Amino acid sequence: MTDVAVPRRALVEARNEQFEGRHFVFLIGSIAHFGGAERQALTLAKMLREEVGARVSFLAWIKAPGIMTDHLENAGIHVHVHPLDWQHRLTWRKAAIPKAMRLIAFTRFVRNTVRPDYLLPYIGVNSKVAGLIWRAAGARYTWWNQRDEGRLIYGSRLERWILDKVPEVVSNSWDGRDFLVEKCGVAYERVKIINNAVPIPAPSDGSEWRARLGLSDGDRLALMAANFTDYKDHDTLLRAFARTGTESERPRYHLALAGRADETALTLKGLAFDLGLGGRVHFVGAISDMDPLYEAADLVVHSSIAEGCPNAVLEGMAHAKCVVGTDIGGLRQALGEEQSSRFLAPPKDVDALAAKMTSAFRSDEMRSVAGAANRKRIVDEFSPGRLLGEVLDGIRKNALAR
Numbered sequence: 003m004t005d006v007a008v009p010r011r012a013l014v015e016a017r018n019e020q021f022e023g024r025h026f027v028f029l030i031g032s033i034a035h036f037g038g039a040e041r042q043a044l045t046l047a048k049m050l051r052e053e054v055g056a057r058v059s060f061l062a063w064i065k066a067p068g069i070m071t072d073h074l075e076n077a078g079i080h081v082h083v084h085p086l087d088w089q090h091r092l093t094w095r096k097a098a099i100p101k102a103m104r105l106i107a108f109t110r111f112v113r114n115t116v117r118p119d120y121l122l123p124y125i126g127v128n129s130k131v132a133g134l135i136w137r138a139a140g141a142r143y144t145w146w147n148q149r150d151e152g153r154l155i156y157g158s159r160l161e162r163w164i165l166d167k168v169p170e171v172v173s174n175s176w177d178g179r180d181f182l183v184e185k186c187g188v189a190y191e192r193v194k195i196i197n198n199a200v201p202i203p204a205p206s207d208g209s210e211w212r213a214r215l216g217l218s219d220g221d222r223l224a225l226m227a228a229n230f231t232d233y234k235d236h237d238t239l240l241r242a243f244a245r246t247g248t249e250s251e252r253p254r255y256h257l258a259l260a261g262r263a264d265e266t267a268l269t270l271k272g273l274a275f276d277l278g279l280g281g282r283v284h285f286v287g288a289i290s291d292m293d294p295l296y297e298a299a300d301l302v303v304h305s306s307i308a309e310g311c312p313n314a315v316l317e318g319m320a321h322a323k324c325v326v327g328t329d330i331g332g333l334r335q336a337l338g339e340e341q342s343s344r345f346l347a348p349p350k351d352v353d354a355l356a357a358k359m360t361s362a363f364r365s366d367e368m369r370s371v372a373g374a375a376n377r378k379r380i381v382d383e384f385s386p387g388r389l390l391g392e393v394l395d396g397i398r399k400n401a402l403a404r
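Residue numbering for the sequence shown follows our numbering, starting at 3 and increasing by one per position.
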């Protein structure tokens with residue numbers, strides 16, 4: 003095994019030497035938020051710096067205190083900030099000239115101050131900006147990076163032009179790829195699927211969280227990690243949780259909801275009260291270190307109508323947790339066909355989701371076997387090393403020569 007592994011690693015290191023000292027700039031728009039796209043950008047940035055010896059920095063037009071800001075500061079990653087009001091509220095005719103002037107100023111800043119070799123936007127909105135400026139900004143490469151199921155992308159002529167001109171089009175999900183094909187006319191074979199990367203976490207102790215939530219040894223805890231937005235379906239989850247188990251079992255079942263309190267938070271707290279779930283549903287807010295909370299959970303749940311491949315599910319899988327959720331493309335991509343057929347319920351189907359959760363709550367063996375399979379799938383399909391290799395291979399094939 004050693005005779006094979008050592009030369010292969012040496013070959014990989016030799017292939018990566020061409021990127022040593024090169025400047026990878028991650029365009030994420032806002033530094034205030036820390037969602038799935040930002041988490042993935044940070045994972046790749048750290049690997050490029052530590053494994054390849056590249057220079058990395060982040061580029062934003064909004065900077066504010068928040069979890070993402072803290073992560074970047076703790077990692078010692080520099081952030082370049084220049085204002086750009088890209089989502090202008092005026093009509094396109096009135097906004098065209100001021101938007102163009104702001105874009106020109108932003109491009110000059112990127113070219114003269116940031117000086118990227120490779121410009122890597124995250125999510126479609128930022129990909130539009132990168133697709134317009136990358137050449138003028140002096141970058142050798144950019145991509146269209148579809149990280150969701152199509153938010154704020156309209157299939158406009160400008161978007162289609164950008165998609166046609168960027169060196170590479172990537173998506174982290176089947177749904178994101180299908181959206182670009184159907185809405186924007188991108189050729190199916192042109193969209194490269196690059197799975198999210200999730201490292202296997204170091205061992206952590208969930209006992210503090212279980213004590214904080216008032217759980218005893220016989221209690222079962224389900225966890226959904228997702229911000230409270232219209233894109234998630236906490237409503238169906240709460241209604242399903244209210245029907246999980248028998249009347250005698252329900253006092254032992256608990257649900258933790260972790261995430262930023264956005265537009266649906268107050269409505270969902272009211273729904274939990276109306277359903278009589280007080281004391282069993284725990285709104286724990288946005289958590290900077292999720293590992294102990296995953297360890298505290300017996301089960302990971304994820305209810306959504308449509309989205310890309312959710313990081314929260316992948317992180318639960320990396321913690322060897324059984325996952326129950328809604329049957330959408332992103333969860334099928336994460337879990338694989340065998341696990342999906344056993345643990346996913348149709349979207350908006352309260353009774354089916356309740357039944358899946360009940361079965362998982364009742365069987366320690368079912369959760370253990372499913373959790374082991376989930377962790378193996380993370381190692382095989384969603385490893386950071388695989389992500390790094392696929393990103394660098396794409397740049398090798400598509401970067402402009404200088």
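Each residue gets a CB set at the ideal place from its N, CA and C atoms; glycine is no exception.
None of the values given here were measured: they were computed from a predicted structure.
*L121 to R57 span [Cα, whole Å]*: 12 Å
_S206 versus A213 - alpha carbon distance_ = 15 Å
*asked:* For a quick check, are the C-beta atoms of V393 and L46 less than 9 Å apart?
replied: yes
*Can you list, in chain order, the residues of its chain whose CB lies under 6 Å from that of T109, leaving out five sequence neighbours each side?*
I135, A138 and A139
*If you count every other CB in all the chains shown that lies within 10 Å of the CB of W163, and 16 or more means buried, which is it?*
exposed
*Inter-residue Cα distance where the pair is H84 and S32*: 11 Å
*Per DSSP, which one or two residues make a beta bridge with R57?*
For R57, which the question treats as bridged, DSSP gives the partners H25.
*Pull up the distance between the alpha-carbon of G287 and that of K234, whole angstroms please.*
Between G287 and K234, the C-alpha separation is close to 15 Å.
*Using the rule of at least 16 other Cβ atoms within 10 Å of the residue's Cβ for burial, across every protein chain shown, is L389 buried or exposed?*
buried
_Residue from F21, G280 and A66 whose Cα sits closest to the Cα of P253_ = If we check each option's Cα against that of P253, G280 comes out closest.
_D119 beta carbon less than 9 Å from that of Y143_ = yes
*If I'm right that A224 touches V303 with Cβ under 8 Å, what's the distance once you round it to whole angstroms?*
5 Å
*Going by CA-CA distance only, name the one from E151, R179, G152 and G187 that's closest to D166.*
G187
_Whole angstroms are fine: how far does the CA of A356 sit from the CA of G247?_
Answer to the nearest angstrom: the Cα atoms are 8 Å apart.
*May I have the straight-line CA-CA distance separating G216 from M319, to the nearest angstrom?*
Using only the alpha carbons, I get a separation of about 25 Å.
*asked:* Measuring only the C-alpha atoms, how far is V295 from A258?
replied: First, the residue type needs correcting, since residue 295 is Leu and not Val in the sequence shown. Roughly 9 Å between the two C-alpha positions.
*asked:* Between P201, F243, V172 and N229, which has its C-alpha nearest A267's C-alpha?
replied: N229
*Can you grab the Cα-Cα spacing for the pair M292 / E184, in whole Å?*
Between the alpha carbons of M292 and E184 lies a distance of about 36 Å.
*Only counting runs of 4 or more residues, tell me where the alpha helix (DSSP H) segments fall wholly within the segment 104-147, in order along the chain.*
126-135
*In the DSSP assignment, find the unbroken alpha helix (DSSP H) run with S361 in it and report its ends.*
V352 to R364
*asked:* Can you tell me whether M226 is helix, strand or coil according to DSSP?
replied: strand
*Please determine, among K323, N174 and D264, the residue with the shortest C-alpha to C-alpha distance to R332.*
A small correction: the amino acid at residue 332 is Gly; Arg does not occupy that position in the sequence shown. Checked all of K323, N174 and D264; the closest Cα to G332 is N174.
_Taking the alpha-carbon of H284 as reference, which of N197, D300, S305 and H256 has the nearest alpha-carbon?_
H256
_Mapping the DSSP letters down to three states, classify G391 as helix, strand or coil._
Of the three classes helix, strand and coil, the one that applies to G391 here is helix, per DSSP.
*Whole angstroms is fine: what's the gap from F243's alpha carbon to A354's?*
11 Å
_Within a Cβ cutoff of 6 Å, which residues of the same chain sit near G126, ignoring the five residues on either side of it in sequence?_
Q148 and I155
*Name the residue from R379, S305, E75 and E367 whose alpha carbon lies nearest to the alpha carbon of P348.*
S305
*Report the residue ranges of all alpha helix (DSSP H) runs contained in full by the segment 306-345; include only those spanning at least 4 residues, in chain order.*
313-320, 331-337 and 339-345
*Contact set for G133: own chain, Cβ-Cβ below 7 Å, skip 5 residues either direction*: Cβ neighbours of G133 beyond the five flanking positions: T144, W146, I164, K167 and V168.
*Alpha carbon to alpha carbon, what distance is there between V200 and V381?*
8 Å
*asked:* Can you give me the C-alpha to C-alpha distance between E191 and A102, rounded to a whole angstrom?
replied: So the two alpha carbons sit approximately 33 Å from each other.
*Under three-state DSSP, which class holds G31?*
strand
*Alpha-carbon to alpha-carbon, I195 and R364*: 36 Å
_Pairwise C-alpha distance: E265 and L92_ = At L92 the pLDDT is 42, less than 50, meaning the model places this residue with poor confidence; the figure from the coordinates comes in the next sentence. Roughly 24 Å between the two C-alpha positions.
*asked:* Quick check on the burial criterion: 16 or more other C-beta atoms within 10 angstroms. Buried or exposed for F20?
replied: Per the sequence shown, residue 20 should be read as Gln rather than Phe. Exposed: under 16 other Cβ atoms inside 10 Å.
*Going by CA-CA distance only, name the one from R51, T360, K65 and T115 that's closest to D300.*
The shortest Cα separation from D300 among R51, T360, K65 and T115 belongs to T360.
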